[in-house]
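Trainee:
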Amino acid sequence: MSMVFGVPLAVLSGQLVIGIINGAFYALLSLGLAVIFGLLKIINFAHGAMYMLGALVTVVLFDLLSVNYWVALFVAPVLVGAFGLLIEYFLLRRIAGQDHIYSLLLTFGAALIIQGVLTNIYGVSGLRYSMPDMFKGGINLGFMFLPYYRAWVIVVALLVCFGTWFIIEKTKLGSYLRAGTEDSQLMQGFGINVPLLVSLTYGFGVMLAAFAGVLAAPIYSITPVMGSNILIVVFAVVVIGGMGSIGGAIITGILMGVIEGLTKTFYPPASSAVIFLVMVVVLMIRPTGLFGKEA
Amino acid sequence: MMNQPVNPADIHKAIVEQQKIQDRKKLMVNGVLLLLLLAAPFVMYPVFLMKILCFALFAVAFNLLFGFTGLLSFGHAAFLATGGYTTGYLLSNFSGLTTEMGIIAGTAMATLLGLAFALLSIRRQGIYFAMVTLALAQLVFFFFVQSEFTGGEDGMHGIPRGELFGLINLEDNLNMYYFVLVVFITCYLLVQRIVGSPYGQILKAIKQNEPRAVSLGYNVDRYKILAFVISAALAGLAGSMKSVVFQLASLNDAHWHMSGEVILMTLVGGMGTLLGPVVGATFVVNIEYLLSQGPLRDWVDPILGGTFVLTVLAFRSGIVGEIQKFIKKNLG
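For the record, the sequence lines run as chains F and W. Per the numbering used here, the very first residue in the first sequence carries number 1301; after that it's consecutive. Per the numbering used here, the very first residue in the second sequence carries number 890; after that it's consecutive.
Take a look at the structure:
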């Protein structure tokens, strides 16, 4: 067996794949945060809860209506996205003119409610969702064993990330969004329905989180608190990358996942802390973040 | 009336007069509150009162940063826990230490940690500041989870209360209560003094408009760092006291949930007011206690979340803030 720095190659590449997968989740989540931040200028503290809802809805749809994975991949984000629209319309819109700190606290409160209510219904022990049959098994690459589902997650997450980047940077709708990020009042003056755009943007960001949740359902334990833990990591990722660019959010997310995976291989005790340590170093050397534009 | 010349000295006199009346009113309110606090342990369970006082101190500390400087820290649990664990560890393992030495050491550790947090987080503003402090506090949380001395998930139990100055037995709940009360009042007056001082005015100026404060020539970062460090020190003191009172320090204190709770206390009571965090802490601790006794005991989190949402939507000034507004409108 070939070894790399005293670690078997198979173990190292296995951890790398897990790292890339975690990174894909970080990328999807920080992308959603960045999209919402761009137009609404708020940090969506309920983002973790939306990710959790995506996973939970997938399980519940399967248990109650035996909705399969492929349908859930579309239905769950739409349902959770619609829920996000309600939150935007009934809560966030009411404090639109206020200090952004209030919307942050509002979404934090909303997350506490969602998480608390679901904990009472489903407990904290975790639900399980069985993987679709076609993803069982994997492929032997010679130096490692790659489960099909992991390969699928990496591919589809990258596709969605790229698609989002494409919509925002290359389409007409995306140009509205970017214009709104620059100056939403001026855009309103040009006759564009900004409130509608704000709602749709929030809904879209939430959908990205829910989509990540569906992808996570077959491989992670599904609990009502699964969102809050990953959200704090994603916050660190966002601080490292800066929310200035869409591409930056994606690259930073995957990079951090890989760094976490490598740490798990070479020095496991630090694996849960390493992203926060990277954040500390970035803050010292480059306070605006790797891709940040703002002060 | 309009055309009559007004003597500036008269205006000055009127303002001074009004100030005197207000000061007298404040003194009376504070006097009544002090009497109530002194008498309270004869009516209510002292440990419960001490819990309120510890959290009130925690919220007062947080409010100095959030309410008066405009910096939203989402990581204040780290200071509460650092104070608590340090004091708990020292008092449990070094029997020669008197209680106040343990508390001072805990406060000192939290102060140092606060300095480190401040130097890092000050590099980002607004929403990023909140995220950085949250992430740093999570780092501290992981440290406490993995460290041996904290007892990990089990927490640190049986911390001896010991003797204050080696003289006063703190195992007695009444003695303990009055000690906590003295510390609390001292800190409250200190914060009152800070807020009223020229330094406090600069903090308010930074909160209102930071670029303006910069253009006036103030080194804004230094003022913010000092406010952060004082806030962290007082939060650490609250944690140290709490670990002595309950003879217990646990991971709950370090969890992000606790950082959220202190925000809620400050917000509900009224951020940017002196009495607000005290009222808010009293409110939240009581709500949690009442809920935990009743059929809604599993619903504490959603109810706290609902309180958050309701406060932000309906009364952002908090209990004290709204009362002040009401008095100004109808009686002032």
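Beta carbons are placed, not taken as given, at the ideal position from N, Cα and C, and that holds for glycine.
Output, in sequence order along the chain, the residues in the segment 1356–1378 of chain F whose CB is closer than 8 angstroms to any CB in chain W.
Mentor: none
Trainee: Along the alpha helix (DSSP H) that carries Ile1559 of chain F, what are the first and last residues, could you check?
Mentor: Ile1546 to Phe1566
Trainee: Ignoring anything shorter than 3 residues, give me the beta strand (DSSP E) runs that lie fully in the segment 1486–1510 of chain F, in order along the chain.
Mentor: none
Trainee: Pick out whichever of F:Leu1562, F:Ile1318 and F:Ile1342 has its Cα sitting closest to the Cα of Phe1535 of chain F.
Mentor: F:Ile1342
Trainee: Let me check understanding here. Comparing Cα to Cα, which of F:Thr1523, F:Leu1459 and F:Ile1320 lies closest to Ile1414 of chain F?
Mentor: F:Thr1523
Trainee: Using only alpha-carbon positions, find the residue among W:Leu980, W:Ala950, W:Leu942 and W:Glu1060 that is nearest to Val1174 of chain W.
Mentor: W:Leu942
Trainee: According to DSSP, Ala1138 of chain W sits in a beta bridge with which residue or residues?
Mentor: W:Met1045
Trainee: Below 8 angstroms on C-beta distance, what does Phe1031 of chain W contact in chain F?
Mentor: Ser1572, Ala1573 and Phe1576
Trainee: Out of curiosity, what's the CA-to-CA distance linking Lys902 of chain W and Leu1220 of chain W?
Mentor: 22 angstroms
Trainee: Nearest CA to the CA of Gly1592 of chain F: which residue from W:Glu906, W:Tyr1017 and W:Leu1002?
Mentor: W:Tyr1017
Trainee: Going by alpha carbons, who is nearest to Ala945 of chain W out of W:Ser1129, W:Tyr1077, W:Gly1195 and W:Leu1028?
Mentor: W:Tyr1077
Trainee: Exposed or buried, what is Pro935 of chain W when buried is set at 16 or more other beta-carbons lying within 10 Å of its beta-carbon?
Mentor: buried
Trainee: What residues from chain F crowd round Gln1027 of chain W, counting only those whose CB sits closer than 7 angstroms?
Mentor: Ile1532 and Phe1576
Trainee: Which residues mark the beginning and the end of the alpha helix (DSSP H) in which Pro1166 of chain W is found?
Mentor: Gly1165 to Gln1182
Trainee: Strictly below 8 angstroms CB to CB, what residues from chain W border Asn1420 of chain F?
Mentor: Asp1187, Trp1188 and Pro1191
Trainee: Is Met1444 of chain F closer than 7 angstroms to Gly1553 of chain F when the C-beta atoms are compared?
Mentor: no
Trainee: With DSSP as the reference, label Val1424 of chain F as helix, strand or coil.
Mentor: coil
Trainee: Hey, does Leu1023 of chain W have any beta-carbon neighbour from chain F nearer than 7 angstroms?
Mentor: Yes - at least one Cβ of chain F is within 7 angstroms of the one on Leu1023 of chain W.
Trainee: Please state the DSSP three-state secondary structure of Val1084 of chain W.
Mentor: helix
Trainee: For the segment 1537–1559 of chain F, enumerate the residues whose C-beta is nearer than 7 angstroms to any C-beta of chain W, in chain order.
Mentor: Only those residues of the segment 1537–1559 of chain F whose C-beta falls short of 7 angstroms from the nearest C-beta of chain W are listed: Val1538 and Val1539.
Trainee: Looking only at its chain, what residues have a beta carbon closer than 6 angstroms to the beta carbon of Thr1200 of chain W, apart from the 5 residues adjacent to it on each side?
Mentor: Leu1156 and Val1157
Trainee: Val1359 of chain F: which of F:Phe1337, F:Leu1333, F:Leu1392 and F:Ala1376 sits nearest, CA to CA?
Mentor: The shortest C-alpha separation from Val1359 of chain F is found at F:Ala1376.
Trainee: May I ask you to report which of helix, strand or coil DSSP gives Phe955 of chain W?
Mentor: helix
Trainee: Do the CB positions of Gly991 of chain W and Leu979 of chain W come within less than 7 angstroms of each other?
Mentor: yes
Trainee: Establish whether the CB of Phe1535 of chain F and some CB of chain W are separated by less than 7 angstroms.
Mentor: yes
Trainee: Is the distance from the Cβ of Ala1026 of chain W to the Cβ of Ala967 of chain W below 7 angstroms?
Mentor: yes
Trainee: Under 9 angstroms between beta-carbons, which chain F residues line up against Arg1012 of chain W? List them in chain order, please.
Mentor: Leu1583, Met1584, Pro1587 and Thr1588
Trainee: Could you check whether Ile1575 of chain F and Val1533 of chain F sit closer than 7 angstroms to each other, using their CB atoms as the reference points?
Mentor: For Val1533 of chain F and Ile1575 of chain F, yes; Cβs fall inside 7 angstroms.
Trainee: Where do the ends of the beta strand (DSSP E) carrying Gly1306 of chain F lie?
Mentor: Run containing Gly1306 of chain F: none; DSSP gives neither H nor E here.
Trainee: Taking 7 angstroms as the CB-CB cut-off, is Leu1427 of chain F touching chain W?
Mentor: no
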